[in-house]
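Take a look at the structure below.
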Amino acid sequence: MATRNIPVLLLVCLRLSGIALLCILWEILPRSGLVNPTFFPPLSAVLQEVAALLRDQHLLGHTIATLWRVVAGIVLAALLAVPAGAILGYWLPGLAAGLNPLFRILAQVNPFSLMTVFLLFFGIGEKAKLIIVAWVAFWPLLHHVIGGVQNVDADLLKAARSMGTSPSRLFLRIILPGAAPSILLGVRTSIILLLAILVAGEMLGGLAGLGWLLHWSSNYYSSPYATTPIFAVGLCISLIGVALSAILRKLERDLFFWKPLESAWSAAPAPRTLRSRPNRIFAVTVLSAMFLLLVAGGASTSRLSKTNGSFSGEGDVPPPSASGHSGHMSHERSLPAAGQSGHSGHTAPSASPVQSGHP
Amino acid sequence: MNVLTKLSKRYTAVIAFLVLWEASVRFEWVDPQFIPPLTRVLQFIGEQGATGALEHHLLISLGRAAGGLAIALIAGVPLGIALAGWSYKIRIAVGPVLEWLSHINPFVVFHIIIVFMGAGEPTKVSIIAWACIWPIMFSTLSGMIHADADIVKTARSFGLRRLRLTTKVLLPLAFPSILTGTRLAAGYALLFLIAAEMMGSTSGLGFMIYTAQANYQIVEMFSGVLIIAVLAIVLDGIMSAAGKWLGHPAIK
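Chains as they are written, first to last, in full-length UniProt numbering: chain G, 1 to 359; chain X, 1 to 252.
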């Protein structure tokens, strides 16, 4: 395979050509009437809808809410899984092997089905959602951390121990860096699953976030193309997923430059740049962005779910009895609202307009 | 004897966890209203199993999961093979598109498909298929591409052409990778099945759990959770056994 003979410009063009073709098809097929444009809107209409949602429906706020939950969930899962995995993998390998079947079973326990129990223990609101999300991310991450710790170069460990390194230093200087590529891979795999589950969780019951927006906008057909809002929000969700995995892949390339990356798309290893130090600029940028998001996004999310707990134009939504689907949803929606008023008395007035939206 | 001790050793943690569950509820370390004792959950499963109500939900859910997984396998493996067989340039062009598609959430697909096909059985099966197809396809592709170059060269020098090279050499070499992808996909299938059934359905385990949640039937809810977890483990066990049985003895 003549992999490296392709010039860079051609490579870029090739990369973009697939996406461009898809966009053109997306635009032409509905316009020409081959696909019913009422159900499958052209790309331009979807993009217009994205702009409209940005203007009217706080799309940006909902995106930040979803991103905040993703980041908070993965940070929570990592804070729990990395020490636990390191201890199990290095100091208690027997216990790790013994617990493995149990972990496999627990990983299969669907957090949605235990939603009620989570709600009972952690209260309604952001905390329960974070626990659900962290639960989903925790198990794959733990699996990767244990694997990574157990595959740290044995010679390095022996050398460090023979020089009398203390356990805490051994952990911080040898085990953690040695397992870092595997941990990051675990983060990358679990963050995708986490996003999928989070969106579903927001659809089932929430006050903000892209999943919530999608579920509401799908019941609230406003534009000439009935399904445009679904496509618009769905596009945003998928782009978040693409962006997250692209960022994590770049982090892997930058920090673990010594590791040959296995690409799924080509047999030849990626060209290795001659570098002797990890490129930390991007990593620092990502970390600070994460921190900013955690602080600012948390504030914005709580404000959004309190003040904007309703889709504007909610009055147009048919009453719950009109169809089974919307009835099911209004049940879900009234649950958090009622819980919030019970949780802290002074928010009761803010919860009442939400309920009054369903006569 | 050796097998028995190995098995009991392997599942010590699981048994210990179950005993802990029962004990913690019996001694009221946790509120029995929130978490029912294991024996009551098992008793409930037994009672419901006797009436046949449980089997109904279980069979429906299993059918959906199996259907989705089968569609994903039938579509995903040939797609992966085709991608691996195409030239590198086509792969570069198609790569970003497929990667983007793989990031489209099954539930977003659910909302779109429901407009085209209604809330029937095909909708549920197709979102499970959507969730499962990507790990299967990517693992097939990666297994074929990263096949041992020496073996492939040897096969070529023996004069194997495209079709026979694929069926006789590349596919057996990629089999472990495909199996890994399928196991991953099976896990996804159950996860998304439950969520899909909770969102819009009137049958299946997800629906059972959903109604149990709405009516605060904690025992019923936990029995659903337990059944799904056991189902997932059994499915995974079957798959790894099938992999050992079907896999080429030379590739281990």
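We put the CB at the ideal spot given by N, CA and C, even for glycine. Since the structure is predicted, the reported quantities are computational estimates derived from the model, not experimental observations.
**Request:** Check the Cβ-Cβ distances between residue 317 of chain G and every residue of chain X, and say whether any is below 8 Å.
**Result:** Looking up residue 317 of chain G in the first sequence gives position 317. Here the model assigns residue 317 of chain G a pLDDT of 38, short of 50, so the residue's position is not dependable and the matter cannot be decided.
**Message:** Quick check on DSSP: helix, strand or coil for residue 100 of chain X?
**Reply:** Position 100 of the second sequence, counted from the first residue, corresponds to residue 100 of chain X. In the structure shown, residue 100 of chain X sits in a helix (DSSP, three-state: H, G or I).
**Prompt:** Roughly how many angstroms lie between the CA atoms of residue 194 of chain G and residue 90 of chain G, to the nearest whole one?
**Reply:** On the first sequence, position 194 is the one that residue 194 of chain G refers to. On the first sequence, position 90 is the one that residue 90 of chain G refers to. Here the alpha carbons of residue 90 of chain G and residue 194 of chain G stand approximately 27 Å from one another.
**Prompt:** Less than 8 Å separating the beta-carbons of residue 193 of chain X and residue 206 of chain X?
**Reply:** On the second sequence, residue 193 of chain X is found 193 positions in, with the first residue counted as 1. On the second sequence, residue 206 of chain X is found 206 positions in, with the first residue counted as 1. Residue 206 of chain X sits close to residue 193 of chain X, with the two beta carbons spaced by under 8 Å.
**Message:** Within the continuous alpha helix (DSSP H) that includes residue 146 of chain X, where are the two ends?
**Reply:** For the purposes of this step, residue 146 of chain X is identified with residue 146 of the second sequence, where counting begins at 1. That residue, residue 146 of chain X, is in no alpha helix (DSSP H); it is neither H nor E in DSSP.
**Request:** Report the residue ranges of all beta strand (DSSP E) runs contained in full by the segment 28–83 of chain G; include only those spanning at least 3 residues, in chain order.
**Result:** For the segment 28–83 of chain G, not a single whole beta strand (DSSP E) run of length 3 or above is found.
**Beta-carbon gap between residue 196 of chain X and residue 136 of chain X smaller than 8 Å** = Mapped onto the second sequence, residue 196 of chain X falls at position 196. Mapped onto the second sequence, residue 136 of chain X falls at position 136. Their beta carbons are not under 8 Å apart, which means residue 196 of chain X does not touch residue 136 of chain X by this criterion.
**Asked** So which residues on chain G does residue 43 of chain X lean against when the C-beta distance must stay under 7 Å?
**Response** Start at 1 with the first residue of the second sequence, and residue 43 of chain X comes out as number 43. Residues of chain G passing the Cβ test: none, with the nearest at roughly 19 Å.
**Item:** Those runs of the alpha helix (DSSP H) which lie wholly inside the segment 30–55 of chain X and span at least 4 residues
**Value:** Counting only runs of at least 4 residues, the segment 30–55 of chain X fully encloses the following alpha helix (DSSP H) elements, listed from N- to C-terminal order: 38–51.
**Asked** Taking 8 Å as the CB-CB limit, is residue 103 of chain X close to chain G?
**Response** Stepping through the second sequence from its first residue, residue 103 of chain X is reached at position 103. Chain G, which has a Cβ nearer than 8 Å to the Cβ of residue 103 of chain X, makes this yes.
**Prompt:** In terms of alpha-carbon separation, which member of G:77, G:62, G:179, G:24 lies closest to residue 255 of chain G?
**Reply:** Taking the first residue of the first sequence as position 1, residue 255 of chain G is located at position 255. Here the closest residue by C-alpha is G:179.
**Asked** Could you give the distance in angstroms between the alpha-carbon of residue 139 of chain X and the alpha-carbon of residue 175 of chain X?
**Response** For the purposes of this step, residue 139 of chain X is identified with residue 139 of the second sequence, where counting begins at 1. For the purposes of this step, residue 175 of chain X is identified with residue 175 of the second sequence, where counting begins at 1. Cα atoms of residue 139 of chain X and residue 175 of chain X: separation of roughly 9 Å, rounded to the nearest angstrom.
**Item:** residue 140 of chain G versus G:156, G:159, G:84, G:157, residue with shortest Cα-Cα distance
**Value:** Here residue 140 of chain G refers to the residue found at position 140 when the first sequence is read from its first residue. The option with the nearest alpha carbon to residue 140 of chain G is G:84.
**Presumed contact (8 Å Cβ cut-off) between residue 201 of chain X and residue 124 of chain X, rounded CB distance** = On the second sequence, residue 201 of chain X is found 201 positions in, with the first residue counted as 1. On the second sequence, residue 124 of chain X is found 124 positions in, with the first residue counted as 1. Indeed, because the Cβ distance is near 7 Å, the residues count as touching under 8 Å.
**Item:** Within 7 Å of chain G by C-beta, residues of the segment 107–141 of chain X in sequence order
**Value:** For the segment 107–141 of chain X, the set of residues with a beta-carbon nearer than 7 Å to any beta-carbon of chain G comprises 107, 108, 111, 112, 115, 116, 138, 141, in chain order.
**Asked** Apart from the five residues on each side of it in sequence, which residues of its chain come closer than 6 Å, Cβ to Cβ, to residue 120 of chain X?
**Response** Here residue 120 of chain X refers to the residue found at position 120 of the second sequence. A distance below 6 Å between beta-carbons, with the five flanking residues on each side excluded, links residue 120 of chain X to no residue of its chain.
**Prompt:** Comparing the C-beta of residue 196 of chain G with each C-beta of chain X, is any distance below 8 Å?
**Reply:** Residue numbering aside, residue 196 of chain G sits at position 196 when the first sequence is read from its first letter. Residue contact with chain X for residue 196 of chain G: present (Cβ-Cβ distance below 8 Å to some residue of chain X).
**Prompt:** Does any residue of chain G bring its CB to less than 8 Å from the CB of residue 253 of chain X?
**Reply:** Outside the shown range of chain X (1 to 252) lies residue 253 of chain X, about which nothing can therefore be said.
**Asked** When you check each C-beta in the segment 194–216 of chain X against every C-beta of chain G, which residues fall closer than 8 Å?
**Response** Taking 8 Å as the cut-off between beta carbons, the residues of the segment 194–216 of chain X near chain G are 194, 195, 198, 199, 200, 206, 209, 213, 214, 216, in sequence order.
**Item:** Below-8 Å beta-carbon distance, residue 15 of chain G vs any chain X residue
**Value:** As a first step, residue 15 of chain G is located in the first sequence; it is residue number 15 there, counting from the start. By this cut-off, residue 15 of chain G is an interface position.
**Separation of residue 199 of chain X from residue 104 of chain X, as counted between CA atoms** = In the second sequence, counting from the first residue as 1, residue 104 of chain X sits at position 104. In the second sequence, counting from the first residue as 1, residue 199 of chain X sits at position 199. Straight across, the Cα-Cα distance linking residue 104 of chain X with residue 199 of chain X is about 18 Å.
**Prompt:** Can you find a CB in chain X that lies within less than 8 Å of the CB of residue 110 of chain G?
**Reply:** Mapped onto the first sequence, residue 110 of chain G falls at position 110. It does; some Cβ of chain X falls within 8 Å.
**Request:** For residue 229 of chain X, go through chain G and note every residue whose CB falls closer than 7 Å to its CB, in chain order.
**Result:** As a working mapping, residue 229 of chain X is identified with position 229 in the second sequence. Residues of chain G passing the Cβ test: 105, 108, 109.
**Item:** Alpha-carbon to alpha-carbon, residue 144 of chain G and residue 74 of chain G
**Value:** For the purposes of this step, residue 74 of chain G is taken as residue 74 along the first sequence, with counting starting at 1. For the purposes of this step, residue 144 of chain G is taken as residue 144 along the first sequence, with counting starting at 1. Each residue's alpha carbon lies about 14 Å from the other.
**Message:** Here's a check: name, in chain order, each residue in its chain whose Cβ is nearer than 7 Å to the Cβ of residue 60 of chain X, leaving out the five neighbours to either side.
**Reply:** By 1-based counting over the second sequence, the position of residue 60 of chain X is 60. Excluding residues within five positions, the ones whose Cβ falls inside 7 Å are 203, 204.
**Asked** With a Cβ-Cβ cutoff of 8 Å, do residue 58 of chain G and residue 210 of chain G count as a contact?
**Response** Taking the first residue of the first sequence as 1, we reach residue 58 of chain G at position 58. Taking the first residue of the first sequence as 1, we reach residue 210 of chain G at position 210. Going by C-beta atoms, residue 58 of chain G is not nearer than 8 Å to residue 210 of chain G.
**Prompt:** Do residue 214 of chain G and residue 146 of chain X have their C-beta atoms within less than 8 Å of each other?
**Reply:** Locating residue 214 of chain G in the first sequence gives position 214, where the first residue counts as 1. Locating residue 146 of chain X in the second sequence gives position 146, where the first residue counts as 1. No. Outside cutoff.
**Message:** Can you tell me whether residue 202 of chain G is helix, strand or coil according to DSSP?
**Reply:** The count along the first sequence starts at 1 and reaches residue 202 of chain G at position 202. DSSP, read as helix, strand or coil, puts residue 202 of chain G in helix.
**Asked** Below 8 Å between beta carbons: does that hold for residue 208 of chain G and residue 80 of chain G?
**Response** Numbered from its first residue, the first sequence carries residue 208 of chain G at position 208. Numbered from its first residue, the first sequence carries residue 80 of chain G at position 80. Not closer than 8 Å, so no.
**Message:** At the level of alpha carbons, what is the spacing between residue 357 of chain G and residue 22 of chain G?
**Reply:** The count along the first sequence starts at 1 and reaches residue 357 of chain G at position 357. The count along the first sequence starts at 1 and reaches residue 22 of chain G at position 22. The predicted position of residue 357 of chain G is uncertain, since its pLDDT is 37 and thus under 50; a value taken from the coordinates is nonetheless stated next. The straight-line gap from Cα to Cα measures roughly 40 Å.
**Request:** Locate the alpha helix (DSSP H) running through residue 8 of chain X, then write down its first and last residues.
**Result:** By 1-based counting over the second sequence, the position of residue 8 of chain X is 8. Here the alpha helix (DSSP H) through residue 8 of chain X covers 2–10.
**Request:** Could you name the residues of chain X that residue 237 of chain G contacts, counting a contact when the two beta carbons are closer than 7 Å?
**Result:** Here residue 237 of chain G is taken as the residue at index 237 of the first sequence, counted from 1. In chain order: 105, 108.
**Asked** Near residue 221 of chain X, which residues of its chain fall below 7 Å by C-beta distance, leaving aside the five closest residues on each side in sequence?
**Response** For the purposes of this step, residue 221 of chain X is taken as the residue at position 221 of the second sequence. In the same chain as residue 221 of chain X, and ignoring 5 residues on each side of it, the C-beta atoms closer than 7 Å to its own belong to 209, 212, 213, in chain order.
**Prompt:** What are the start and end residues of the alpha helix (DSSP H) that includes residue 238 of chain G?
**Reply:** As a working mapping, residue 238 of chain G is identified with position 238 in the first sequence. Under the DSSP assignment, residue 238 of chain G falls in the alpha helix (DSSP H) whose first and last residues are 228–255.
**Asked** Shortest alpha-carbon distance to residue 242 of chain X belongs to which of X:217, X:158, X:179, X:188?
**Response** Position 242 of the second sequence, counting from 1, holds the residue named residue 242 of chain X. Ranked by how close their Cα comes to the Cα of residue 242 of chain X, the residues X:217, X:158, X:179, X:188 have X:179 in first place.
**Request:** Can you tell me which of the three DSSP states residue 216 of chain X falls into?
**Result:** Against the second sequence, residue 216 of chain X aligns to sequence position 216. Residue state, collapsed to three classes: coil.
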